[in-house]
Amino acid sequence: MSNVKVYDGKLSTVTLNAMRLATALITGADVQYPQKSTLNEFYKLMQTPVPDGKARPHLQYMAIGNRGHMVDTSDVVADVVPVAKEPIASGMFSRVPFVLRTKDNDLSDEQRKNYAFRTLETINKREYWAYYLKRIDMRAVKTTDYDIKRENGVETVEDFVYTDTELNPVPKVLPDYDYDDDGTVAIPDGRYVESGADLVIPWTDFDVQEYMNVTSIMRGSPRSSIISELALCSGLDQVTSGDSATGSKFSYTEAIGVQALYYISMFTNLAQTNDKLSLTIRIGQPAPFFLGTAN
């Protein structure tokens, strides 16, 4: 096995928004919402009120797009290549909803609980309720610490367990490792530790069919129901008032202060999976800590 990172078809970008939020939560400082840093501004939805800085947002939403890839035709076989974002990005490459429903066939109250960023849009002279955010079920998510040993390019991964050695550290010369070199591809043999959480995002048959309906309405056919951009977002729920098809008012839960913490560039065509999809994304520490030789 070569001593290099293995390309898994996805690119993950941790954003400046994520670092700012993590710092605020660690220090107890007010959470900041700089102008033009929110998806509320990108979608022009729920731009006010801006959340109180003392409120504690967390990752609980996702947004999608279909422009997070390009086609490389330099070889005989065309390759679909993900296009990454810079960490200072705060919007999406494209505006694509999870759901489009005709004005007289909106989601039920129970279904609507899973979505946010609801707005009325006109497509080909017909009105639709669009939903641009989907809520992520975070109840089963837990952090995990891994002890990674790499020898001759082969990794073994175990749960990291603190011992008396960590509780009573002694001075020693630390290994030299350049964490600031983002261009480093080779991963040297040795021991690493990292902390994070595995976020499992399931797409049910309902999700797939709704998105294929979106593609059919927006593009005339469901054949290219592509998702190649995913944003994992923090924010806060906010009860607001919406209009029904008849014009009567009702209350539902929206999202404010929504900021992209992680961008995932990938490629999947739901018209081909045609049933369900499950994504597992590791979030947390951007790079493992190098501890030296794998003894």
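Under the numbering used here, the first residue of the sequence shown is numbered 131, with each subsequent residue one higher. Note that the Cβ used here is the ideal one computed from N, Cα and C, for glycine as well. Model, not experiment: these values are computed from the prediction.
query	result
Three or more C-beta pairs below 8 angstroms linking the stretch 258 to 272 and the stretch 318 to 330	yes
Under the three-state DSSP convention, the category Ser351 falls into	coil
Contact check, Val161 vs Ala152, beta carbons under 8 angstroms	no
Residue closest to Phe420, alpha-carbon to alpha-carbon, out of Tyr276, Thr334 and Tyr322	Tyr322
Pair within 8 angstroms by beta-carbon distance, Ala375 and Asp234	yes
Whole-angstrom distance between Glu281 and Val287, CA atom to CA atom	12 angstroms
Residues of its chain near Gly195, where Cβ-Cβ distance is below 6 angstroms and the 5 sequence neighbours each way are ignored	Met222, Phe223, Ser224, Val226 and Glu359
Counted within 10 angstroms of its Cβ, other Cβ atoms place Ser355 as buried (16 or more) or exposed	buried
As assigned by DSSP and simplified to three states, the class of Ala148	helix
Classification of Ser378 by the beta-carbon crowding that lies within 10 angstroms, buried from 16 upward	exposed
Environment of Phe172 [buried if 16+ CB atoms lie within 10 Å]	buried
Alpha helix (DSSP H) segment containing Tyr173, residue limits	Leu169 to Tyr173
Delimiting residues of the alpha helix (DSSP H) encompassing Arg242	Asp239 to Arg242
Best match in His188, Ser220, Pro187 and Ala246 for proximity to Thr370 [C-alpha to C-alpha]	Ala246
As assigned by DSSP and simplified to three states, the class of Val344	helix
Same chain only: Cβ atoms within 6 angstroms of Pro230, ignoring 5 sequence neighbours per side	Before going further, note that residue 230 is Leu rather than Pro in the sequence given. Only Tyr258, Ala260, Val344 and Ile347 meet the Cβ criterion.
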